[in-house]
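Colleague:
There are 2 protein chains.
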Amino acid sequence: MERINKNSFTPPFYQLATILENKILSGQLKAGESLASENELSREYELSRTTVRKCLSLLAERGLISTHQGKGTFVSRPSLDRAEFLMEEFHTHLTNMGKEPGYRLVHVQFLKELPEFAVRLGMKANQGILYYCRLLMADNEPIAVEHKYMQYIKGRPILENEFQYKAFSEVIMIHTDILPVRSQAILTAEIAGEFDAKLLNAAQGAPVLKLQQALYAGDNKPIGVGIFYYRGDRYSLVSDIHPLRGER
Amino acid sequence: MERINKNSFTPPFYQLATILENKILSGQLKAGESLASENELSREYELSRTTVRKCLSLLAERGLISTHQGKGTFVSRPSLDRAEFLMEEFHTHLTNMGKEPGYRLVHVQFLKELPEFAVRLGMKANQGILYYCRLLMADNEPIAVEHKYMQYIKGRPILENEFQYKAFSEVIMIHTDILPVRSQAILTAEIAGEFDAKLLNAAQGAPVLKLQQALYAGDNKPIGVGIFYYRGDRYSLVSDIHPLRGER
DNA sequence: AAGTGGTCTAGACCACGAC
DNA sequence: TCGTGGTCTAGACCACTTT
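So the sequence lines, in the order shown, correspond to chains B and E. Residue numbers for the first sequence follow UniProt numbering, beginning at 1 and rising by one. Residue numbers for the second sequence follow UniProt numbering, beginning at 1 and rising by one.
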């Protein structure tokens, strides 16, 4: 049995995690089987139970095991047929990729009515709706168009500068003093409409990733909704599921 | 100052997390500001430092704070302009949604050459390539088509049944005895090709979510690649980012 | 009653950053 | 040097499941 090296720079909980992960990935521990109990592992590897638990919680986070109070800890399917996509805010995403984000405010308008999809999400027009449309660019190439609809508060100034550069949840907070606390988003594939295709400098019928987003206040009422259309040929999401590194 | 109720069924670390989360969401703690140190929090709320740390790690996981050794703990942007999408394996996804998954094996074939995108991913043909194509359905409606390319091992039987029902990583392991340990996937929007559109029972030019997946062995060599095309109008990904519940 | 995971405590030592 | 977060220990009590 492999042992824990207490002089290594890699902490014991991490060493144990890689040991157990290897047993799972190599098939020594098969899906559905139960692991040794926390107390047993603690004895076997001469670690405190706290340390064993920290290791197990790491493996659980990664989907390799699942724990059940009173029953034990079990190996999960080594499910690689699975993907996790993180869609960052546009500015963050581009700077991470080493590109220059650009913004163009295309349209700002006051509306009395909400578009149909916003009504379906349970949003109300109240005092009116502030609509704006923005073009997102990377190194001056258009990547996405976004359409935003938010509650309008009478008497509040409409600051176009803010629309151009700030994230939607900030714009909402500045205009309404309400900080959104919940966000729901739906991602699908669609064909770009004529208006959006033209802005994106894409051909008629070009495929886009459509992201529909709703922001909710603390009372769970939607206070802003938005739609993004990302050019399919210039924007993609990446998922990488890999084993723990031996060292870190 | 709010205090921890030690008689509540909600554990202290969770109570503290909601207290701190509320301070962040309400704006009492602004982005970039530093939190009280772990020792201070420990004194203030009369909890052990271990418990305080468990609470902080929960908030860090949720992106509300970030910790920096030697410097302190800082409030992050309340970034709601962000989305996390989890794409489960098809069978799991459908049963979660209460639908009946269905599979139809469309094609199985031995190839001598790999398609161009697989070569670009660094895959080699070696003894040959096993290709198959499968139609994925929900309640008998076509949802997605997948094309898989994997290493062929001479002399090994080709079991069509397995292709129809098993996950790709299992099929690979059964045929090659190699268990993939790493998966990389790229998601974009595209227009369905003629062949795929027909299988999906969709119109010419219909938009699809394209998922390109590569599975790697322990030596980081690709041993199988696949492409999924999901009908844009029947498949979508959902993200929900919300505050901690008061009770649990 | 015995065994399992879930939570908590009080104290220790270390690595890192700022002074 | 001091304060910060990162890790570890040994022991305790609880809730849940099985016997």
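Cβ atoms here follow ideal geometry from the backbone N, Cα and C, with glycine treated the same way.
1. Any idea what DSSP makes of B/Lys124, helix, strand or coil?
2. Can you give me the start and stop residues for the beta strand (DSSP E) that E/Pro157 sits inside?
3. For chain B, check one thing: does any of its Cβ atoms lie closer than 8 Å to the Cβ of E/Ser183?
4. Quick check on the burial criterion: 16 or more other C-beta atoms within 10 angstroms. Buried or exposed for B/Pro157?
5. Do you know how far the Cα of B/Glu162 is from the Cα of B/Leu187?
6. Given this structure, state the Cα-to-Cα distance separating E/Leu136 from E/Tyr230, to the nearest angstrom.
7. Taking one C-beta from the stretch 194–213 of chain B and one from the stretch 223–239 of chain B each time, how about it: are there three or more such pairs within less than 8 Å?
8. Of the choices B/Asp233, B/Glu170, B/Ala192, whose alpha-carbon is the least far from that of B/Ile223?
9. Counting only C-beta atoms, is E/Ile19 closer than 8 Å to chain B at any point?
10. Name the chain B residues whose beta carbon is nearer than 8 Å to that of E/Pro142?
11. With a threshold of 16 other CB atoms inside 10 Å of the CB of B/Asp219, please say whether the residue is buried or exposed.
12. For E/Leu209, go through chain B and note every residue whose CB falls closer than 9 Å to its CB, in chain order.
13. Which same chain residues end up closer than 6 Å to residue 263 of chain E when comparing Cβ atoms and leaving out the 5 residues on each side of it in sequence?
14. How about B/Leu58: is its C-beta nearer than 8 Å to some C-beta of chain E?
15. Specify, as a first and last residue, the run of the alpha helix (DSSP H) that B/Leu58 falls within.
16. Under three-state DSSP, which class holds E/Arg248?
17. Alpha carbon to alpha carbon, how far is B/Ile191 from B/Arg104? Give it in angstroms, no decimals.
18. Using the Cβ count rule (16 or more neighbours within 10 Å means buried), how would you classify E/Gln127?
19. For the alpha helix (DSSP H) containing B/Asp196, list its first residue and its last residue.
20. When the distance is taken between beta carbons, is B/Val52 closer than 8 Å to B/Ile41?
21. How long is the line joining the alpha carbons of E/Arg248 and E/Ile4, rounded to whole angstroms?
22. For chain B, is any of its Cβ atoms less than 8 Å away from the one on E/Glu113?
23. Just the C-alpha distance for E/Gln204 and B/Glu88, rounded to the nearest angstrom, thanks.
24. I think B/Asn34 touches B/Gly70, with their Cβ atoms under 8 Å apart; what is that distance to the nearest whole Å?
25. Nearest CA to the CA of B/Ile174: which residue from B/Arg182, B/Ala185, B/His242, B/Leu159?
26. Are E/Glu21 and E/Pro243 closer than 8 Å when you measure CB to CB?
27. Report buried or exposed for B/Arg245, applying the criterion of at least 16 other Cβ atoms within 10 angstroms of its Cβ.
28. Quickly, what does DSSP pair B/Arg3 with across the bridge? List them, please.
29. For E/Ser239, which option in B/Tyr235, B/Gln213, B/Phe9 has the closest C-alpha, if you only look at C-alpha atoms?
30. Buried or exposed: B/Phe117, going by 16 or more other Cβ atoms within 10 Å of its Cβ?
31. Can you give me the C-alpha to C-alpha distance between B/Ser37 and B/Phe9, rounded to a whole angstrom?
Modeller: Taking the coordinates as given:
1. The sequence position of residue 124 of chain B within the first sequence is 124, counting from 1. Three-state result, B/Lys124: coil.
2. The sequence position of residue 157 of chain E within the second sequence is 157, counting from 1. Looking at the DSSP string, E/Pro157 is not in any beta strand (DSSP E), and its letter there is neither H nor E.
3. One-based indexing of the second sequence puts residue 183 of chain E at position 183. Closer than 8 Å to some Cβ of chain B, the Cβ of E/Ser183 qualifies, so yes.
4. Numbered from its first residue, the first sequence carries residue 157 of chain B at position 157. Counting Cβ neighbours within 10 Å, B/Pro157 comes out exposed, since fewer than 16 surround it.
5. Numbered from 1 along the first sequence, position 187 holds the residue referred to as residue 187 of chain B. Numbered from 1 along the first sequence, position 162 holds the residue referred to as residue 162 of chain B. About 26 Å.
6. Walking along the second sequence from the start, residue 136 of chain E turns up at place 136. Walking along the second sequence from the start, residue 230 of chain E turns up at place 230. Whole-angstrom Cα-Cα distance: 9 Å.
7. yes
8. To locate residue 223 of chain B, count along the first sequence from 1; it is residue 223. In terms of CA proximity to B/Ile223, B/Glu170 leads the group B/Asp233, B/Glu170, B/Ala192.
9. Walking along the second sequence from the start, residue 19 of chain E turns up at place 19. Taking 8 Å as the threshold, the shortest C-beta distance from E/Ile19 to chain B does not fall below it.
10. Counting from 1 along the second sequence, the entry for residue 142 of chain E is found at position 142. Within chain B, no residue comes near E/Pro142; the closest Cβ sits about 15 Å away, beyond 8 Å.
11. As a working note, residue 219 of chain B is residue 219 in the first sequence. Exposed: under 16 other Cβ atoms inside 10 Å.
12. What you label residue 209 of chain E is simply residue 209 of the second sequence in a count that begins at 1. Result: Leu187, Thr188, Ala189, Leu209.
13. For chain E, the structure presents residues 1 to 248; residue 263 of chain E sits outside this window and is missing.
14. Start at 1 with the first residue of the first sequence, and residue 58 of chain B comes out as number 58. False, the Cβ-Cβ gap to chain E never drops below 8 Å.
15. What you label residue 58 of chain B is simply residue 58 of the first sequence in a count that begins at 1. Taken as a continuous stretch (DSSP letters only), the alpha helix (DSSP H) holding B/Leu58 covers 49–61.
16. Counting from one through the second sequence, the residue named residue 248 of chain E turns up at place 248. Low confidence applies to E/Arg248: its pLDDT is 36, below 50, so where it sits in the model is not reliable, and the reading given next is rough at best. In the structure shown, E/Arg248 sits in coil (DSSP, three-state: anything other than H, G, I, E or B).
17. Reading the first sequence from its first residue, position 104 is the one you call residue 104 of chain B. Reading the first sequence from its first residue, position 191 is the one you call residue 191 of chain B. Approximately 22 Å, taken between the alpha carbons.
18. For the purposes of this step, residue 127 of chain E is taken as residue 127 along the second sequence, with counting starting at 1. Classification for E/Gln127: exposed.
19. Within the first sequence, residue 196 of chain B is the residue found at index 196, counting from 1. Here the alpha helix (DSSP H) through B/Asp196 covers 194–199.
20. By one-based count along the first sequence, residue 41 of chain B stands at place 41. By one-based count along the first sequence, residue 52 of chain B stands at place 52. In the sequence as displayed, the identity of residue 41 of chain B is Leu instead of Ile. Yes, Cβ-Cβ distance for B/Leu41 and B/Val52 is below 8 Å.
21. Working through the second sequence from its first residue, we reach residue 248 of chain E at position 248. Working through the second sequence from its first residue, we reach residue 4 of chain E at position 4. The pLDDT assigned to E/Arg248 is 36, lower than 50, so where the model puts this residue is not dependable; a value taken from the coordinates is nonetheless given after this. Rounded to the nearest angstrom, the two C-alpha atoms are 16 Å apart.
22. Within the second sequence, the letter at position 113 stands for residue 113 of chain E. False, the Cβ-Cβ gap to chain B never drops below 8 Å.
23. Taking the second sequence and counting its residues from 1, one reaches residue 204 of chain E at position 204. Taking the first sequence and counting its residues from 1, one reaches residue 88 of chain B at position 88. Going from the Cα of E/Gln204 to the Cα of B/Glu88 covers about 32 Å.
24. Residue mapping note: residue 34 of chain B aligns to position 34 of the first sequence, counting from 1. Residue mapping note: residue 70 of chain B aligns to position 70 of the first sequence, counting from 1. Position check: residue 34 of chain B holds Ser in this sequence, whereas Asn was assumed. Their Cβ separation, rounded to whole angstroms, is 13 Å, which puts B/Ser34 and B/Gly70 out of contact at 8 Å.
25. If you number the first sequence from 1, residue 174 of chain B lands on position 174. When each option's Cα is compared against that of B/Ile174, the closest is B/Leu159.
26. The residue given as residue 21 of chain E occupies position 21 in the second sequence. The residue given as residue 243 of chain E occupies position 243 in the second sequence. Against a cut-off of 8 Å, the Cβ pair of E/Pro243 and E/Glu21 comes out as a contact.
27. Stepping through the first sequence from its first residue, residue 245 of chain B is reached at position 245. Exposed.
28. Within the first sequence, residue 3 of chain B is the residue found at index 3, counting from 1. B/Arg3 pairs with nothing; no bridge assigned.
29. As a position in the second sequence, residue 239 of chain E is number 239, starting the count at 1. Checking every option, the nearest Cα to that of E/Ser239 belongs to B/Gln213.
30. Taking the first sequence and counting its residues from 1, the one referred to as residue 117 of chain B is at position 117. Under this definition B/Phe117 is an exposed residue.
31. Within the first sequence, numbered from 1, the residue matching residue 37 of chain B stands at position 37. Within the first sequence, numbered from 1, the residue matching residue 9 of chain B stands at position 9. CA-CA distance, B/Ser37 to B/Phe9, rounds to 26 Å.
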